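Scroll down for the structure; my scribbles are underneath it.
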Amino acid sequence: MTSDGLLNVYCPDFTRDYAIRDSAVDQEALESQLEKWRKERKAKFRPCITVSRETGAGGSEICRKVATDLKMDLIGSQVIARVAESAKMSEKVVQSLDEKRVTVLDSWIASFFTARYLWPDVYLQHLTKVIKTIGEHGNAIIMGRGAQFILSHDQTFRVRIIGPLEQRIQNIVKNRGCSREEAQNYVLKRDMNSNAFVMKYFHEDISNTDHYDLVVNTAGLTVDEAAAIIKNAYQIKKF
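All the letters of the sequence shown, read from the start, carry residue numbers 161 to 399 under my numbering.
Have a look at this one:
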């Protein structure tokens with residue numbers, strides 16, 4: 161089983177609210193990713209792909225396929241949140257950049273909050289630093305956490321994965337073995353939480369298509385087909 165960048169477990173859509181409580185595992189995964197960045201410092205830069213997903217639309221599986229095909233790191237929203245919550249861990253991520261880029265990053269963070277009229281919440285400061293640092297390294301698929309609002313649009317490929325509500329509910333029923341009512345409540349709650357997160361921290365509507373380079377509706381598409389659409393569009397885009 162392949163592992164996600166910064167994350168050594170596979171988290172499909174129906175488990176993406178699972179809280180990883182073992183900080184030792186988080187620390188080990190972080191150190192592994194930092195070492196990978198150190199080794200690849202001279203590799204050719206490739207822009208990141210950010211992915212926003214509706215619950216049950218198959219986003220995690222699609223991202224895994226794209227990451228495998230393009231040989232990119234796959235970084236989950238849960239681990240980004242964990243790193244952002246820890247000042248020590250987030251600073252370790254930032255320190256993976258050289259001194260000049262850290263200075264540029266600090267200036268960028270200040271202008272980011274000013275331009276968007278955002279309150280410099282401590283968590284959001286760490287979150288933006290972590291995601292911006294990942295963006296500086298490139299070659300990664302970032303799932304969730306509002307990365308599409310943080311990274312520069314001309315150096316990022318922004319994807320939104322959606323699907324019909326009933327199809328998404330049935331996917332959750334199948335994957336979790338729960339009732340339709342439980343699946344529906346789960347889908348609606350998860351989507352509501354994602355929407356609320358983006359509205360709270362970025363004052364944006366997560367479903368607004370203006371925020372994305374590509375919106376993929378998974379109705380009638382297999383994982384491979386949806387992944388191929390994203391992969392081809394990414395390779396065509398001129399950065």
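Think of the CB as a built atom: it goes at the ideal place given N, C-alpha and C, for glycine as much as any other residue.
None of these values were measured; they are calculated from a predicted model.
The residues G165, C208, M232, D233, I235, I294, in chain order, have a CB closer than 7 Å to that of A300 in the same chain once the five nearest residues on each side in sequence are set aside. When secondary structure is reduced to three states using DSSP, M303 falls in the strand class. For T210 and T316, the gap between their C-alpha atoms comes out near 7 Å. Here DSSP, grouped into helix, strand and coil, assigns S354 to helix. Per the Cβ contact rule, the segment 306-324 is in contact with the segment 372-379 (3 or more Cβ pairs under 8 Å). Distance from G218 to I329 at the Cβ level is roughly 13 Å; contact not present, criterion being Cβ atoms closer than 8 Å. The C-beta distance from F362 to G306 rounds to 5 Å, short enough to meet the 8 Å contact threshold. Under the three-state reduction of DSSP output, S220 falls in the helix class. K398 is not a Cβ neighbour of V226, given a cutoff of 8 Å. Around the beta carbon of H286, 16 or more other beta carbons sit within 10 angstroms, so the residue counts as buried.
Between the C-alpha atoms of G337 and F205 there is a straight-line separation of about 42 Å. When rounded, the separation of the alpha-carbon atoms in Q308 and S220 is 16 Å.
Here the alpha carbons of V358 and E364 stand approximately 6 Å from one another. A distance below 6 Å between beta-carbons, with the five flanking residues on each side excluded, links A393 to the following residues of its chain, in chain order: L374. Taking the Cα of D370 as reference, the smallest distance to any Cα among Q395, R213, H313, D229 is reached at H313.
A Cβ-Cβ contact shorter than 8 Å links E214 with D351.
The DSSP-derived three-state label of N377 is strand. In the three-state DSSP reduction, R318 falls in the strand class (E or B). Here A387 really is in contact with I222; their C-beta atoms are around 5 Å apart, less than 8 Å. Taking all protein chains shown into account, R224 has 16 or more neighbouring C-beta atoms within 10 Å of its C-beta and is therefore buried. Collapsing the DSSP output to three states places L325 in a helix. The Cβ-Cβ distance between L311 and I332 does not fall below 8 Å. According to DSSP, residue pairing for T210 in a beta bridge involves I302, R318.
With respect to the 8 Å criterion, S212 and I366 are classified as neighbours on the basis of their beta carbons.
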